[in-house]
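Read through the structure below, which is laid out as structure tokens, and then see the notes.
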Amino acid sequence: MSALTELASSLAGGKIRVVDLTHTLSPGFPAIALPPEMGQAWPFRIEEVSRYDERGPAWYWNNFSCGEHTGTHFDAPVHWISGKDLPNNAVDSIAPERFIGPAFVIDCSKEAAQNADFLLTVDHLKAWEKKHGRISPRSWVLMRTDWYKKWRDPVAFQNYDEEGQHTPGPQVDAVKFLVEERDVLGFGTETIGTDAGQAYHLRPPYPCHYYMHGAGRYGLQCLANLDQLPPTGAVVVAAPLKIENGSGSPLRVLALVESK
Amino acid sequence: MTTPLERPRRKNPILRTRQPTAPPAVRSRVALGLTAAAARGVFELQVCRDCGATQYPPREACRACLSERLAWKPQDGLGQLVSETMLHHSYELFFRERLPWRLGMVRLDCGPVLIAHLHGDVAPAPTRVKVHACLDKAGQAALFAAPEKETPNMADDKQLREMTCDPKFRKVLVTDTKTALGQALVKSLVEAGADLVWAGHAEPWKKFAGFDELKKLPQVSLLPLDVTDSKNVRELAAEIGGRVDILINNAEHHRTYGIANRPGVETARAEMDVNYFGLLRLAQEFGPAMRSRGADGQSSAVAWVNILSIYALTNFPPHGTFSASKAAAHSLAQCLRAEMRPGGVRVLNVYPGPIDDEWNQTLLPPKLSPAALARAVTQALKQGVEDLYPGDVAQEWLARWRDNPKALEREISV
Amino acid sequence: MTRRRAGYEGIAVAVPVTVPYVRYSIRGAHWWIGKAMAELCRRGRVRKEEIDGLCVASFTLTPDVAVGLTQHLGMTVRWLDHVPLGGGSAVVSLRRAARAVQSGDATIVACVAGDANHVDSFRLNTANFSLFARDAVYAYGSGGTYASFAFLTAHYMRKYGATREDFGKLCIAQRQNALKNPNALFKKPLTMEEYLNARPLATPVHLFDAVMPCAGADAFLVMRSEDAEARGLPWVRLLGTMERLNSFPQDPVQERGGWVLDRDELYAQAGVKPADMDFFQAYDDYPVINVMQIEDLGFCAKGEGPQFVRSHSFTYNGSFPFNTGGGQLSVGQAGAAGGHLGLVEAIRQLTGEYQGGAVKDAEVGLVSGFGMINYDRGLCCGAAILATGKRVP
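Chains as they are written, first to last, in numbering that gives the first Met the number 0: chain A, 0 to 259; chain W, 0 to 413; chain X, 0 to 392.
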């Protein structure tokens with residue numbers, strides 16, 4: 000049996016199961032908001048074209064609109080100024096084999112529960128590696144915070160106050176470590192951005208975007224169900240839409256996990 | 000003595016809802032001059048430019064000197080009630096359903112004799128009266144003779160209420176209460192006696208200033224409402240649409256760009272999506288139920304208010320795309336007015352000059368405070384007008400626009 | 000000094016025709032007018048082809064005007080007039096026809112008025128009555144003429160002290176007259192109690208102050224007196240006429256009509272005085288207008304109408320025979336034929352072709368027309384004085 004046929008039969012037989020790491024695209028899903036003077040990403044909107052009615056008697060279909068960065072979505076290197084000149088940096092030019100890769104899930108759920116501004120540091124990563132082993136190259140590092148469970152409560156999910164948004168994310172040193180020392184594929188979070196809510200005030204601002212995309216790596220945001228993944232061993236399929244010169248897109252993120 | 004209005008009892012849900020009927024609506028073109036002024040709350044009659052004679056009914060040639068140079072001029076409406084009758088019979092459904100109905104014959108101090116609806120507090124003829132030009136349920140000018148001086152509960156007169164859109168004991172939806180204007184509207188409506196104000200707000204995760212004060216008001220019910228989200232609008236209409244008596248759409252997306260100083264269409268599209276399509280969504284979802292409730296008892300559906308902008312009449316290039324979106328909304332609001340008229344629901348379009356808010360921060364005064372605008376809107380509802388140009392800037396722009404729209408176009412684009 | 004108007008020497012008015020009134024009828028105005036025309040020919044012993052002049056009044060002929068009737072009824076005429084003056088149409092038709100015959104423009108003129116009445120007719124007519132009514136009256140309560148005359152009645156009562164009993168007396172007398180008229184739609188006597196307690200329409204106008212609209216037609220012929228003689232017809236002389244439109248526009252509320260301006264000349268033209276009248280057929284759409292006509296046509300001074308009413312009796316055999324067939328108030332109002340009703344009754348009284356109570360020895364009578372509440376007052380006032388030419392043997 001070839002590796003692929005074994006994969007197929009494992010899936011059919013339940014030896015390998017699929018965990019959906021994607022939120023449903025709906026108008027109510029929180030969208031990122033920038034300062035009002037700037038251009039804004041569209042939230043998800045959907046308009047019925049017809050529904051077995053005078054507009055189309057035997058069919059139902061919709062038109063929808065959203066930004067490239069709406070809902071569960073993929074960030075390509077061209078999305079950030081630090082990655083704008085790299086080769087193959089848009090969703091339509093990234094080599095497709097990059098869309099599949101192993102995942103290392105860092106559990107920060109307790110820390111995030113206590114501190115909405117929790118920043119994942121190098122020390123945290125090194126402590127995690129002591130327990131679970133070294134993060135291998137060309138893999139996704141996913142920061143589990145259980146933040147996805149707040150998705151029905153936009154107030155809690157966005158978590159704004161007078162100083163802005165408060166959501167967990169990586170510290171500068173952690174990002175640099177993952178890029179320079181571990182050669183990761185990309186970084187994924189359950190929150191609205193790969194960077195922390197207050198990352199504007201880090202140096203440089205938005206370090207995950209800056210360093211990841213600056214090194215030609217990727218981002219995944221608004222992931223769900225990371226708490227169903229093992230710390231190691233899962234394989235993530237994350238293939239964005241092939242938008243001409245696209246900076247990202249909403250996508251279906253699937254994790255293949257071996258059943259116990 | 001006018002009996003003061005009492006809070007109506009809850010509607011019996013198993014009874015058929017009375018369908019709206021309207022007074023006769025046909026008028027000649029020249030008579031529509033009366034309606035044009037009444038729409039702004041003004042009583043105007045034709046006055047001959049050559050001999051000064053005031054004319055009524057409206058006509059094509061001066062009744063005194065045959066001149067065709069007749070100009071519409073504001074009137075004070077003062078006059079003498081010379082005869083009256085209490086109608087116990089009518090040929091039209093609207094009046095049949097509202098008998099008995101009091102009518103008066105008034106001789107204005109300026110000369111003409113007119114027939115008017117007569118307020119219950121006016122003493123028997125002969126007596127002094129003041130004639131007002133209201134809009135009736137058909138949306139046409141209706142002359143109304145009332146006492147010269149205000150009487151207690153004057154607005155609660157059964158016949159006068161058919162001309163006005165008083166918020167008292169009514170339920171109101173204000174679509175955007177995140178802004179100072181929205182909150183001022185809520186406050187003003189509560190003070191005017193509204194029973195319930197649904198306070199809509201988009202992006203509820205952005206907690207806004209004034210939120211806590213709004214929550215404290217017992218009449219207020221905060222509801223998520225994003226006028227760019229068809230599903231949200233539809234579901235909200237399904238929940239509360241059958242109870243909304245007055246809908247005030249003040250949802251607005253305002254940026255300060257023309258054409259050349261903002262690349263791309265994203266900002267302009269966002270303005271259109273709220274200012275124009277937002278109105279369209281609301282009108283599609285809330286309109287039909289309101290239209291069918293135009294005669295639904297004392298707290299009937301009675302008004303739809305659109306906060307537009309004086310920039311809808313002539314584009315203000317520094318806020319060029321915003322102006323265009325307001326112009327689109329103005330046109331659609333006229334469409335809405337035509338569609339709501341058969342239900343007797345007044346569409347009140349408000350054209351303020353710059354409001355004293357964050358997006359008009361760099362404009363020089365005079366600017367309209369949200370509180371003043373809210374008061375003007377509430378007053379306009381109580382008066383039953385349909386076109387409101389509140390504040391000094393709006394009034395001046397309107398005067399310039401009516402005088403010579405092309406000159407205004409040049410004046411503000413210099 | 001106004002130039003003296005020509006008289007009506009040599010003119011005969013004859014053949015009083017009424018097509019019996021019906022409250023509602025599915026027939027259109029053309030049917031009613033056609034019937035009247037046929038009856039004119041029969042009773043007037045003329046062939047349709049001999050009628051070379053036509054004068055028509057009708058509210059419900061639309062979309063036709065008078066010319067449509069010529070083709071509809073198969074008539075070729077050399078003189079045609081359409082008189083849209085409501086209750087003023089009869090006197091005005093008579094004036095037009097008389098001059099046409101005098102000048103030789105026509106030989107025999109048929110003056111006909113007729114109207115249909117369907118269940119919705121009155122509302123439709125009222126809603127589109129005139130530009131001013133549509134712009135400035137009908138939208139205010141849509142009460143129709145009830146409201147318009149309520150204003151006039153209330154004003155008159157307040158200013159001159161008239162009471163509802165005064166008006167009731169006239170209505171009751173007219174009902175008495177109607178009981179003898181087989182054409183009257185009202186068949187029972189009216190008591191003062193019934194009159195006073197009747198339901199209000201627009202205060203102070205109550206049910207029996209208002210006419211009952213109906214379908215019907217009235218007509219007569221105008222020709223030279225020698226032609227009437229040659230045909231052996233009873234006929235009536237025309238002694239004098241007047242018409243006046245939109246008089247006293249400065250009066251805030253109408254309380255007098257154009258008759259005031261022209262009555263002296265009318266009586267002078269006729270060579271008679273008010274006291275010489277053996278009867279008065281007034282236009283009685285509302286009793287207040289009756290009183291106004293009594294004053295304005297010289298029977299008493301303005302404001303003395305109530306006193307006049309209290310001191311006279313108005314049945315056909317009373318001290319002041321008035322609307323001797325019952326008038327519109329008790330017979331019915333067949334649209335524009337309302338004014339023709341009185342003129343036709345006058346011809347009957349003067350020739351002896353009675354259709355109801357007979358005024359004893361009637362030789363001279365007054366007929367008055369009024370109509371067209373274009374806005375807030377009746378614009379058209381007319382009157383004619385007639386005398387016996389030849390009675391039935």
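Think of the CB as a built atom: it goes at the ideal place given N, C-alpha and C, for glycine as much as any other residue.
- Near chain W, meaning a CB-to-CB distance below 7 Å, no residue of the segment 70-96 of chain A qualifies.
- In the structure shown, the three-state DSSP call for residue 369 of chain X is strand.
- When the five nearest sequence neighbours on each side are left out, the beta carbons in the same chain lying within less than 8 Å of the beta carbon of residue 198 of chain A are those of 168, 192, 204, 205, 206 and 207, in order along the chain.
- In chain order, 251 and 252 make up the part of chain X whose C-beta sits under 9 Å from the C-beta of residue 106 of chain W.
- If the five residues before and after residue 344 of chain X are omitted, its C-beta is found closer than 7 Å to the C-beta atoms of 280, 323 and 324, all from its own chain and listed in chain order.
- Residue environment for residue 68 of chain A: buried (at least 16 other C-beta atoms within 10 angstroms of its C-beta).
- Among the residues of chain W, none has a CB under 8 Å from the CB of residue 120 of chain X; the nearest is roughly 11 Å distant.
- For residue 271 of chain X, the secondary structure class from DSSP, reduced to helix, strand or coil, is coil.
- Around the beta carbon of residue 23 of chain X, fewer than 16 other beta carbons lie within 10 angstroms, which makes this residue exposed.
- Under DSSP, residue 110 of chain X shares a beta bridge with X/54 and X/219.
- Interface criterion not met: the Cβ of residue 266 of chain X is under 8 Å from no Cβ in chain W.
- Under the three-state reduction of DSSP output, residue 97 of chain A falls in the helix class.
- At a cut-off of 8 Å, the C-beta of residue 197 of chain A has no neighbouring C-beta in chain W.
- Uninterrupted beta strand (DSSP E) stretches at least 3 residues long and entirely within the segment 216-263 of chain W occur at 219-223 and 245-248, given in chain order.
- Comparing C-alpha distances from residue 86 of chain X to each of X/372, X/392, X/387 and X/386 shows the shortest one belongs to X/372.
- Residue contact check for residue 46 of chain A against chain W: a CB pair falls below 8 Å.
- In the three-state reduction of the DSSP assignment, residue 62 of chain A falls in the strand class.
- Residues of chain W with a Cβ closer than 7 Å to the Cβ of residue 26 of chain A are, in chain order, 228, 230 and 231.
- If you draw a straight line from the Cα of residue 80 of chain A to the Cα of residue 281 of chain W, it comes to about 40 Å.
- For residue 151 of chain W, the secondary structure class from DSSP, reduced to helix, strand or coil, is coil.
- Judged by DSSP secondary structure, residue 12 of chain A falls outside any beta strand (DSSP E) and instead within the alpha helix (DSSP H) spanning 2-12.
- Taking 8 Å as the CB threshold, residue 177 of chain W stays off the interface with chain A.
- The three-state secondary structure of residue 317 of chain W, taken from DSSP, is helix.
- Going by beta carbons, residue 74 of chain A and residue 241 of chain A fall outside the 8 Å limit.
- Residue range 163-177 is occupied by the alpha helix (DSSP H) that includes residue 170 of chain X.
- Under the three-state reduction of DSSP, residue 87 of chain W is assigned to coil, being neither helix nor strand.
- In this structure, residue 373 of chain W and residue 187 of chain W form a Cβ contact; the two beta carbons are roughly 4 Å apart against a cut-off of 8 Å.
- In summary, residue 212 of chain A is buried, with 16 or more beta-carbon neighbours lying within 10 Å of its beta-carbon over all protein chains present.
- The C-beta distance from residue 287 of chain X to residue 185 of chain X rounds to 20 Å, too long to meet the 8 Å contact threshold.
- Taking 7 Å as the upper bound on Cβ-Cβ separation, chain W lies near no residue of the segment 160-171 of chain A.
- Between residue 147 of chain A and residue 224 of chain A, the CB-CB gap stays under 8 Å.
- Look at the beta carbons and you see the segment 262-279 of chain W touching the segment 324-344 of chain W: at least three pairs across the two are nearer than 8 Å.
- In this structure the segment 97-105 of chain X does not lie against the segment 334-354 of chain X, because fewer than three pairs of beta carbons, one per stretch, are closer than 8 Å.
- Annotated three-state conformation of residue 184 of chain X is coil, per DSSP.
- Secondary structure note for residue 23 of chain X: it is in no alpha helix (DSSP H), with a DSSP letter that is neither H nor E.
- The shortest CA-to-CA distance from residue 127 of chain X to any of W/69, W/141, W/23 and W/78 is the one to W/23.
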